[in-house]
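First to last, the protein sequences are chains A and B.
Take 1 as the starting number for the first sequence in our numbering and just add one per residue.
Take 1001 as the starting number for the second sequence in our numbering and just add one per residue.
There are 2 protein chains.
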Amino acid sequence: MAGRQGQGGGAGEKGGGLDFPRPLTTVDIVIFTIRQEALHVLLVRRGHAEGEPFPDAFALPGGFVDVARDADLAACARRKLVEKTGVVSPYLEQLGSWGSATRDPRGWSATHAYFALIPASAAEAALAADARWFALDATGVKPKLAFDHAEILQAAVQRLRSKVEYTSLPAFLMPEEFTLPELQRTYEIVLDRALEKSAFRTRMLSADLIEPIAKMRKGPNRPAQLYRLKAAAAPVYFARTFNAPE
Amino acid sequence: MAGRQGQGGGAGEKGGGLDFPRPLTTVDIVIFTIRQEALHVLLVRRGHAEGEPFPDAFALPGGFVDVARDADLAACARRKLVEKTGVVSPYLEQLGSWGSATRDPRGWSATHAYFALIPASAAEAALAADARWFALDATGVKPKLAFDHAEILQAAVQRLRSKVEYTSLPAFLMPEEFTLPELQRTYEIVLDRALEKSAFRTRMLSADLIEPIAKMRKGPNRPAQLYRLKAAAAPVYFARTFNAPE
DNA sequence: CTAAGTAAGTTGGACAGTACAACTAAGTGT
DNA sequence: ACACTTAGTTGTACTGTCCAACTTACTTAG
Chain A
1 MAGRQGQGGG AGEKGGGLDF PRPLTTVDIV IFTIRQEALH VLLVRRGHAE GEPFPDAFAL
61 PGGFVDVARD ADLAACARRK LVEKTGVVSP YLEQLGSWGS ATRDPRGWSA THAYFALIPA
121 SAAEAALAAD ARWFALDATG VKPKLAFDHA EILQAAVQRL RSKVEYTSLP AFLMPEEFTL
181 PELQRTYEIV LDRALEKSAF RTRMLSADLI EPIAKMRKGP NRPAQLYRLK AAAAPVYFAR
241 TFNAPE
Chain B
1001 MAGRQGQGGG AGEKGGGLDF PRPLTTVDIV IFTIRQEALH VLLVRRGHAE GEPFPDAFAL
1061 PGGFVDVARD ADLAACARRK LVEKTGVVSP YLEQLGSWGS ATRDPRGWSA THAYFALIPA
1121 SAAEAALAAD ARWFALDATG VKPKLAFDHA EILQAAVQRL RSKVEYTSLP AFLMPEEFTL
1181 PELQRTYEIV LDRALEKSAF RTRMLSADLI EPIAKMRKGP NRPAQLYRLK AAAAPVYFAR
1241 TFNAPE
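Here it is as structure tokens:
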């Protein structure tokens, strides 16, 4: 077996090597949003039909790849996201895949996990539309999740945090119009630590990411300049991370 | 379908939703190494047995997940890497997954791609042990690769390059003992651009990554201090990227 | 009406790490 | 002896963060 190669490996190979057990294949999506000054994930409560594992448990939204309908994995993820939240074009990135013999009691299964960032308004709409949906604090204590979804969620939070250190990802969590302090607060919520006000301003304004609009946000105090994402909404990579105080 | 959730979606669902077509599931590994002052990938030439797609084409090493032997995806990737290169514990990271209806003529298939970094000596050993193995320049023109492996390879190069900007990953491409200029050259090969000598030194020496050993490398010129990786060989994340000249 | 309070946004000095170039050190080949 | 090469150091300029103090604009209490 030492020299096995290409797509020809595996047990019970015969006539092309296709007639042996295939893993179950699913796609799951970790949908992040900001609610109540905290990072939340959208979860669905599972049903309790005959044969369904983890009845009534919370789970990441997702499901089996539909070989007949989904051209590829990304299309499958987009389909599920749109079907479920109605969000048109949020940030959607592949997170990784988890596969093992034991993660699903029904057999060897592999899931392709994606993570999405949506603004609070879209999250509220999704929650209002379907009573099975819940939003939970992504970093706090959570109820037992179905499958290995707790592990996937933890990986998603980690990935999000590490990317937020040097990218503009939190901008995708913002409403269309926002102030700089609001954007900074979103960063701080995701990173769970305070950032320097003036360094944050310098960086955000010198990055080719947001642009001021001719409006101000009236608040209880001094009014604040409103900004919006520039047309090219691709994430920006900064040359260095924010300071990480000891 | 708007409210579909959990692991219960899909076409032709019946009695738990398991009796509909499952995608083929494979694991492929992009193995990088440095050869001839260039970043190389290890590829295998496919066979031309009956029913094998892409006969005689170059492909990433990999194969079907073996539901009977592989506890999980990472174990499957490790197994394939060890079986094929004999490398014990190189750097191995999940790259992502590619799945579509068309990437394999035999049907809907999804591959879980990993990428590995191995020192040149391990690569030479693997090449010498099996005549079907080849090492090709990862960034230059390549022959047509089987499946969508060209796309996966390109993604791997991109991921490697972007991580090299702010991590110590190239250290895993080095032999056990190396000099600082050799390490710098490895960075430059991967990034395909020159780096500042003194900034590179400052960064590498202040990072808790390598340690000098009581030996010097005798070369044609002035001898150079030898270093080795510190015990904790986890990748180091730097606070900022190397300068990217316009 | 005034004073205190709060948050937005600016300013300036200290500091860290990189950019760049010039330098010294130690070996080679002619 | 000399030029040549590469290892490694030194020093100045510069960029962007860190941190604290400041101004600006608005609200609320008295």
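We put the beta carbon where it would ideally sit given N, CA and C, even for glycine.
Since the model is a prediction, treat every value here as computed from it, not as a measurement.
DSSP-derived helix/strand/coil call for residue i
i	result
Val-141/A	coil
Leu-1173/B	helix
His-1112/B	strand
Leu-127/A	helix
Phe-238/A	coil
Ala-1146/B	coil
Ala-224/A	strand
Ala-231/A	coil
Arg-1004/B	Residue placement at Arg-1004/B is flagged as unreliable, the pLDDT there being 37, under the threshold of 50; a coordinate-derived value is accordingly withheld.
Phe-1020/B	coil
Ala-101/A	coil
Anticipated Cβ contact below 8 Å, residue i with residue j, distance rounded
i	j	result
Phe-1058/B	Phe-1134/B	7 Å
Val-236/A	Leu-209/A	5 Å
His-1040/B	Ala-1138/B	6 Å
Leu-1092/B	Arg-1078/B	7 Å
Tyr-1166/B	Phe-1238/B	5 Å
Ala-207/A	Ser-168/A	7 Å
Best match in the options for proximity to residue i [C-alpha to C-alpha]
i	options	result
Thr-85/A	Thr-167/A, Pro-23/A, Ala-129/A and Arg-217/A	Ala-129/A
Arg-1161/B	Leu-1229/B, Arg-1193/B and Leu-1145/B	Arg-1193/B
Pro-1105/B	Gly-1219/B, Gln-1184/B, Tyr-1227/B and Glu-1052/B	Glu-1052/B
Gln-184/A	Ser-206/A, Gly-47/A, Val-87/A and Glu-196/A	Glu-196/A
Val-1082/B	Ala-1049/B, Arg-1045/B, Ile-1031/B and Ala-1156/B	Ile-1031/B
Phe-20/A	Asp-1066/B, Gly-1099/B and Ala-1038/B	Asp-1066/B
Pro-181/A	Asn-221/A, Glu-165/A, Val-157/A and Arg-69/A	Asn-221/A
Ile-213/A	Asp-70/A, Leu-145/A, Phe-172/A and Ala-224/A	Ala-224/A
Thr-1179/B	Thr-1167/B, Lys-1163/B, Phe-1200/B and Asp-1070/B	Phe-1200/B
Glu-124/A	Leu-173/A, Glu-177/A and Glu-50/A	Leu-173/A
Asp-1072/B	Phe-64/A, Ala-71/A, Gly-99/A and Ala-75/A	Gly-99/A
Leu-153/A	Val-164/A, Gly-140/A and Glu-165/A	Gly-140/A
Ala-1126/B	Ala-1231/B, Leu-1042/B and Gly-1219/B	Leu-1042/B
Arg-35/A	Ala-74/A, Pro-175/A, Arg-46/A and Leu-145/A	Pro-175/A
Arg-1046/B	Leu-1145/B, Phe-1064/B, Ser-1198/B and Thr-1202/B	Leu-1145/B
Ala-74/A	Ala-1101/B, Arg-1069/B and Ala-1075/B	Ala-1101/B
Glu-211/A	Arg-132/A, Glu-177/A and Gly-219/A	Glu-177/A
Gly-63/A	His-149/A, Ser-198/A and Glu-50/A	His-149/A
Test item: CB-CB of residue i and residue j under 7 Å
i	j	result
Arg-1103/B	Ser-1109/B	yes
Leu-95/A	Tyr-114/A	yes
Ile-29/A	Pro-55/A	no
Lys-1215/B	Leu-1229/B	no
Thr-1033/B	Ala-1116/B	no
Arg-1217/B	Thr-25/A	no
Val-1157/B	Pro-1170/B	no
Val-1087/B	Ala-1038/B	no
Val-44/A	His-112/A	no
Ile-1118/B	Pro-1090/B	yes
Item checked: alpha helix (DSSP H) runs contained entirely in the segment 1150-1207 of chain B, provided each spans 4 or more residues -> Taking only runs of at least 4 residues, the alpha helix (DSSP H) segments lying wholly in the segment 1150-1207 of chain B are 1180-1191 and 1197-1206.
Next item on the list: Can you check the segment 1038-1089 of chain B for any beta strand (DSSP E) of at least 3 residues that lies completely inside it and give the ranges in chain order?
Entry: List check, beta strand (DSSP E) in window: 1038-1045 and 1062-1064.
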